[in-house]
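Counting in the working numbering, the sequence shown runs from 702 upward without gaps.
Report on the following structure.
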Amino acid sequence: MNIIDRRNASLGNPPHNRPLSGITTIVNHYSAVYRKSGASIENHEKYWESHHGWDRGGYHFYIDKDAKIYQNYDLDQMTWGVANCNHYCVHICVEAGSYDDYTSEQLDTLEWINRYLMKKLNLPASAVKAHWEVNNNSRCNGFTKEQMNAWRTRLGGKGTVTVTPSRPSSSKSAGKTLHLPANADTWRIYRTNGPYTVGNEVGFLRPAKFGGLTYEIKGTPVANVYLIDTQDFGRVAIYAGAETGAKVTKGSNQPVASKNTKQLVLPKTASSWRIYKVDGPYTIGNEVGYLNPAKFGGLTYDILGSPLTDVYFIQTRDFGKAAIYAGKDTGATIK
Ligand SMILES: [Zn+2]
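Here it is as structure tokens:
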């Protein structure tokens, strides 16, 4: 990810007067201006200066309508993001007018910068908050509590999301597979017991990113709604009527290990494991997602290939075919 440096162009130059160890909270904001308005960080700064008389801006990082990311201030500079909470906050803002206005590219960039700051500041995913969770004077960033919980789960936290027990599965669903097409950018997912309506989603899947996604159907609570197990959100419900382009086929699509296939075992002591595009690059910063072996008591995959020493191709449920680095130093084993 390329961060555009506008630290010399941003509004004001607040003092560098706080230790990074004092930063406990990564605050996620939106601009509350719809992308179609075409606003920029420069527009916002002019407004803050002329209407509020601010001596500095609100956000350390800003993601524009095209998902480009800008750095406005150093982390040791305090900015005006959340009422009187700023001394312990670092602020990220996305140019969007509502939850539905975020693009998947913006969410990718937001995920990247949250992970970057968690790592840099040594903070857990639970340190990532919506503006309204820090000071409830605003709807900013447009996410609900459930969406924020799903977001934190995605960012690798302890998972404050609670997936409620599913209704009994319909036996008709047994052995069926749901296919989400590669041309779908995002796909809403819901709690297993609903409601299954827009605005109540707990997160999004991204079929396009992975060349389509395939899930074993675990149940069908109502027509065209299926229960599936996702890696990032646990068991969820998904609407997949015929008009959506999704397909349901008979039979399990789970890869079957042949006797000659070697398997990669990721130990349950690891809570986060980078995966990469099949054609690389296989280096930190280029990961397309994370596996969570700890969540599943360890994970085992058939090895489908090995383009380089210690790099393996595996078929993942949520990310499709992916590459993974698993040198001996990582604790992974091959059997
Ligand atoms: Zn805000």
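Even glycine gets a Cβ: it sits at the ideal position worked out from N, Cα and C.
Can you give the Cα-Cα distance for residue i and residue j, rounded to whole angstroms?
| i | j | result |
| --- | --- | --- |
| residue 716 | residue 1010 | 48 Å |
| residue 721 | residue 780 | 14 Å |
| residue 886 | residue 950 | 21 Å |
| residue 930 | residue 920 | 10 Å |
| residue 805 | residue 759 | 24 Å |
| residue 800 | residue 963 | 44 Å |
| residue 822 | residue 1000 | 29 Å |
| residue 935 | residue 894 | 13 Å |
| residue 813 | residue 973 | 15 Å |
| residue 705 | residue 939 | 37 Å |
| residue 1049 | residue 744 | Since the first residue shown for the chain is 702 and the last is 1036, residue 1049 is missing from the structure and cannot be characterised. |
| residue 655 | residue 803 | Nothing about residue 655 can be reported from this structure: the residues present for the chain run from 702 to 1036 only. |
| residue 833 | residue 1004 | 45 Å |
| residue 788 | residue 724 | 7 Å |
| residue 767 | residue 742 | 12 Å |
| residue 882 | residue 942 | 13 Å |
Can you say whether residue i is buried or exposed, counting buried as having 16 or more other CB atoms within 10 angstroms of its CB?
| i | result |
| --- | --- |
| residue 917 | buried |
| residue 762 | buried |
| residue 1030 | exposed |
| residue 899 | exposed |
| residue 997 | exposed |
| residue 853 | buried |
| residue 819 | buried |
| residue 859 | Low per-residue confidence applies at residue 859: pLDDT is 40, beneath 50, and the placement is therefore not dependable, though the value from the model is reported in the following sentence. Looking at its Cβ environment, which holds fewer than 16 other Cβ atoms inside 10 Å, residue 859 is exposed. |
| residue 1050 | No answer is possible for residue 1050: it lies beyond the span of the chain, which begins at 702 and ends at 1036. |
| residue 842 | buried |
Looking at residue i and ligand 1, is the gap between the Cβ and the nearest heavy atom below 7 Å?
| i | result |
| --- | --- |
| residue 786 | no |
| residue 799 | no |
| residue 782 | yes |
| residue 790 | no |
| residue 730 | yes |
| residue 832 | yes |
| residue 815 | no |
| residue 711 | no |
| residue 837 | no |
| residue 842 | yes |
In three-state DSSP terms, what is residue i?
| i | result |
| --- | --- |
| residue 951 | strand |
| residue 855 | helix |
| residue 959 | Here the model assigns residue 959 a pLDDT of 41, short of 50, so the residue's position is not dependable, and the following value carries that caveat. Coil at residue 959, not helix or strand. |
| residue 703 | coil |
| residue 732 | coil |
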